[in-house]
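Here the sequence shown is numbered in our numbering, starting from 112 and rising by one per residue. C-beta atoms are modelled at their ideal positions from N, C-alpha and C, and glycine is treated no differently. The model shown is predicted, which means the values in this text are computed figures rather than measured ones. The next block holds one structure in the form of structure tokens; read it before the comments.
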Amino acid sequence: MGRRTFIAGNWKMNKTIAEAIALVRELRSAVSMVRDRVEIAVAPPFTALHPVAKALEDSNVILAAQNCHAEASGAFTGEVAAPMLKEVGCSYVILGHSERRQLLGETDAGVSRKVAAVLKAGMLPIVCVGETLAEREANQTLSVVEAQVKGCLSGFGKEEGARFVVAYEPVWAIGTGKTATSRQAQEVHAHVRELLRGLWGREAAEAVRIQYGGSVKADNAAELLGQPDIDGALVGGASLKVADFAAIVKAKG
Ligand code: 13P
Numbered sequence: 112m113g114r115r116t117f118i119a120g121n122w123k124m125n126k127t128i129a130e131a132i133a134l135v136r137e138l139r140s141a142v143s144m145v146r147d148r149v150e151i152a153v154a155p156p157f158t159a160l161h162p163v164a165k166a167l168e169d170s171n172v173i174l175a176a177q178n179c180h181a182e183a184s185g186a187f188t189g190e191v192a193a194p195m196l197k198e199v200g201c202s203y204v205i206l207g208h209s210e211r212r213q214l215l216g217e218t219d220a221g222v223s224r225k226v227a228a229v230l231k232a233g234m235l236p237i238v239c240v241g242e243t244l245a246e247r248e249a250n251q252t253l254s255v256v257e258a259q260v261k262g263c264l265s266g267f268g269k270e271e272g273a274r275f276v277v278a279y280e281p282v283w284a285i286g287t288g289k290t291a292t293s294r295q296a297q298e299v300h301a302h303v304r305e306l307l308r309g310l311w312g313r314e315a316a317e318a319v320r321i322q323y324g325g326s327v328k329a330d331n332a333a334e335l336l337g338q339p340d341i342d343g344a345l346v347g348g349a350s351l352k353v354a355d356f357a358a359i360v361k362a363k364g
């Protein structure tokens, strides 16, 4: 199969520039030994992207952003465009995070436009999907995730699609300390891969990395990453501490 494990830290709205630089200086040496086995990214807030990019030069940690606008420039006060993120050194952009869907009205159609902008700028998307607790309890998990995957990704072809990253983040597991069991997560991941197979065929679907996110910690990472369709993690809280994030990076033996 050969999908390279991808561990990304989503810092959300945390860290000053000084704190961000201190964190990545320590992180780059803590994870320097895993060079080929694991792809590692951090997603600082916009204000810290440039200094963090400098602090990560010649390291094996790459840069991601947490969002972007769908247009490449223009009168969009307060927004940041994909080419700007490319210029500052980002390789990936996290799109459609549930916090943005819930708090800021982000939609699948909007995410899809942002995916196109990210590709056009020469980066790759990490597209977040996931059900709420109410949806899980109503047995709607697979149908909710299916609508999100199709709504965000069906406009793209298999050549580009094979390089996308999808993050399954059950909303009820984010920041709550409640992780999906490896079985619950694997079930959804396998379903996502099945959907991708429908969209892009077997070969492309097998190439897509599907990350799990939601209270990933050093002590549950190995179990989650041991599942056949869990190819990485999108880590929130635990990515803010070097020791915890480095332990997750090294979890898959
Ligand atoms: P936590 O790891 O803090 O639960 O956050 C997960 C997340 O939202 C990553 O995008």
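Annotation: the segment 114-200 contains the following complete segments of the beta strand (DSSP E) (minimum length 3 residues), in chain order: 116-121, 149-154 and 172-176.
In the same chain as Arg211, and ignoring 5 residues on each side of it, the C-beta atoms closer than 6 Å to its own belong to Glu217, in chain order. Taking one beta carbon from each stretch, the segment 113-120 and the segment 316-330 have 3 or more pairs nearer than 8 Å; the two touch. Annotated three-state conformation of Ile341 is coil, per DSSP. At least one heavy atom of the ligand 13P falls within 7 Å of the beta-carbon of Val327. For Gly286, the shortest separation between its Cβ and any heavy atom of the ligand 13P lies below 7 Å.
By alpha-carbon distance to Lys197, the top candidate from Ala296, Val172 and Ala164 is Ala164. The three-state secondary structure of Val319, taken from DSSP, is coil. Ser202 is a Cβ neighbour of Leu235, given a cutoff of 8 Å. Taking one beta carbon from each stretch, the segment 188-196 and the segment 258-271 have fewer than 3 pairs nearer than 8 Å; the two do not touch. In terms of side-chain proximity, the C-beta atom of Ala291 is found no nearer than 7 Å to any non-hydrogen atom of the ligand 13P.
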